[in-house]
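*Asks:* Numbering (our numbering), first residue to last: 37 to 266.
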Ligand code: G3P
Ligand code: MG
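#1: Mind checking which residues open and close the beta strand (DSSP E) that includes residue 77?
#2: To the nearest angstrom, report how far apart residue 235 and residue 121 are at their CA atoms.
#3: Is the stretch 38-58 in contact with the stretch 103-111, if contact means three or more CB pairs nearer than 8 Å?
#4: Name all residues in chain order for which at least one heavy atom of the ligand MG lies closer than 5 Å to the residue's CB.
#5: For the ligand G3P, any of its heavy atoms closer than 6 Å to the Cβ of residue 166?
#6: Taking 6 Å as the cut-off, is the beta-carbon of residue 185 closer than that to any non-hydrogen atom of the ligand G3P?
#7: To the nearest angstrom, how far is the alpha carbon of residue 214 from that of residue 104?
#8: Should residue 212 go down as buried or exposed, given a rule of 16 or more other Cβ atoms within 10 Å for buried?
#9: Suppose contacts are defined by Cβ-Cβ distances below 7 Å. Is residue 186 in contact with residue 152 by that definition?
#10: I'd like to check one pair, residue 46 with residue 54: are the Cβ atoms closer than 7 Å?
#11: Report whether the distance from the Cβ of residue 256 to the nearest heavy atom of the ligand G3P is below 6 Å.
#12: Can you find a C-beta in chain C that's less than 7 Å from the C-beta of residue 183?
#13: Please confirm whether residue 123 and residue 161 have their CB atoms less than 7 Å apart.
#14: Kindly indicate which residue of 168, 262, 193, 93 has the alpha-carbon position closest to the one of residue 314.
#15: Relative to the alpha-carbon of residue 230, which residue among 61, 79, 209 has its alpha-carbon at the smallest distance?
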């Protein structure tokens, strides 16, 4: 049987502040085989944060894009953790898990591709240890055009969002679908099209059981222990 993948959503964000190094470390402790993080570009660096504003997850307010990198790095992202740069996440994970980079902000795609290439060429990572996902299909096209070896995942959060033609044309690896849309039919159709199906965000054990029976390939969860314990 194929492995059922556990993506720690924003790290083990049910336990530690989301998208921080402590959430990443906790996810690995709990046995997640993938870490999902959200990124924005700031002054040529990818920083790891979910919202375009600082308000919800840090001790400041305002837009991420208006701040300097040094200032962003001085903030508290929860329990004294800093907002990481993506490079720090990769160094901390050090190939113990795969990394799903979710492109949230503009101009993140080229930076993500360069970073992945660097870690593959110089630090013994494999392309299979990376997944790049986005709701923005233009960004996924750009990633694939820059480097066809990189696996792209199509994020889907709306019903009847067509993805099959795009997936075939741009050789997508996976669809990352919101749990309410992950019907038996959706899953079967995606599999027929040769795509892996990863479902977000699944924090309820009964949902995990149900989705496993339906044959999904993995889930995103804030609580990796729910997957690993079974
Ligand atoms: O990548 C899955 C999930 O993270 C997408 O939604 O808002 O949590 O980034 P969001
Ligand atoms: Mg995300």
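Beta carbons are placed, not taken as given, at the ideal position from N, Cα and C, and that holds for glycine.
*Replies:* The short version:
#1: For residue 77, the uninterrupted beta strand (DSSP E) run begins and ends at 70-78, by DSSP.
#2: Rounded to whole angstroms, the separation of the alpha carbons of residue 121 and residue 235 is 26 Å.
#3: Proximity of the stretch 38-58 to the stretch 103-111 falls short of the contact definition, fewer than three beta-carbon pairs being nearer than 8 Å.
#4: For the ligand MG, the selected residues are 74, 138.
#5: Checking every heavy atom of the ligand G3P against the Cβ of residue 166, none is found closer than 6 Å.
#6: Because no heavy atom of the ligand G3P lies under 6 Å away, the Cβ of residue 185 does not count as near it: no.
#7: The straight-line gap from Cα to Cα measures roughly 33 Å.
#8: By the C-beta density criterion, residue 212 is buried, having at least 16 other C-beta atoms within 10 angstroms.
#9: Yes, the Cβ-Cβ distance between residue 186 and residue 152 is below 7 Å.
#10: Yes.
#11: Yes, the Cβ of residue 256 comes within 6 Å of a heavy atom of the ligand G3P.
#12: Absent from the structure is chain C; it holds one protein chain and no more.
#13: With contacts defined by Cβ atoms closer than 7 Å, residue 123 and residue 161 do not form a contacting pair.
#14: With the chain running from 37 to 266 in the structure shown, residue 314 is simply not present.
#15: The candidate whose alpha carbon is nearest that of residue 230 is 209.
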